[in-house]
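Remarks on the structure that follows.
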Amino acid sequence: MLNGMNNKTFLFAVTLVFMWVASQLHVQAQGYNIKIKIDHLGNTDVMLGHHFANLKYLDDTIRLNAKGMGEFSGKNKLPEGMYFIYLPAKSSYFDILIGDQQNFSIGDDTTDFVNRFSSSGSLENQEFYAYQKYLMDKSKQAKDLQDKIKAATSEDQKKTYRDQLSAIDKEVKAHIGEVIKKNPNLF
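Yeah, the sequence shown ends on 212 if you go by this note's numbering, and it's all consecutive.
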């Protein structure tokens, strides 16, 4: 028979195991639920997948209704990371982030994935697409300056444009730091 100390140890171990199993069941019970609406794309299949190194792997497939609406869902949470929504009918995709919060809605438009993206319930995706819009603007500014450097006839002009290009680079790096500082708990 077990003595008093072993009984307490055994009960403590059983309690810990029970609590761990219950927490895992709770996490799995939460699962994922991602509502999606894609303008200009109805009655077609779309796929949810994840990135791994340079490869893309499919995780789920749904059929959008006539209004371009559908819902990815599963009993178990997805690993946090960068995912993509693949649109076979358009042979294109757009990226989304999946963090701890896996019950959210996204919307997009096949005419402009970045500027027409919307998200509700996912701060990760709101910040991610705000950052992508910011980068698009800065990339356009940098391209304009690179074109000016190529067209410049004097070294003084080229230096002025290079300095402006360097300032944009510093601004982008500072912006990245601000986003991280503002959102330390986001994926």
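Yeah, the Cβ is synthetic: ideal placement off N, Cα and C, and Gly gets one too.
{"Query": "Bridge-paired residues (DSSP) for Thr86", "Result": "Met72"}
{"Query": "Cβ-Cβ distance between Ile59 and Val71 below 8 Å", "Result": "no"}
{"Query": "Pair within 8 Å by beta-carbon distance, Gln126 and Ser147", "Result": "yes"}
{"Query": "Secondary structure of Asn128, DSSP reduced to three states", "Result": "strand"}
{"Query": "Whole-angstrom C-beta distance between Gly56 and Ser98, which should lie under 8 Å", "Result": "7 Å"}
{"Query": "N- and C-terminal bounds of the beta strand (DSSP E) containing Ser164", "Result": "It is not in any beta strand (DSSP E) - Ser164 instead sits in the alpha helix (DSSP H) that spans Leu148 to Ala176."}
{"Query": "Leu89, buried or exposed, once every other Cβ within 10 Å from all chains shown has been counted against 16", "Result": "buried"}
{"Query": "Check whether Ala176 and Leu190 have beta carbons under 8 Å apart", "Result": "no"}
{"Query": "Whole-angstrom distance between Leu211 and Asn68, CA atom to CA atom", "Result": "34 Å"}
{"Query": "Beta-carbon proximity of Glu149 to Gly124, cut-off 8 Å", "Result": "yes"}
{"Query": "Beta strand (DSSP E) segment containing Leu122, residue limits", "Result": "Ser117 to Ile123"}
{"Query": "Member of Lys158, Pro113 and Tyr108 whose CA lies at the smallest distance from the CA of Asn79", "Result": "Tyr108"}
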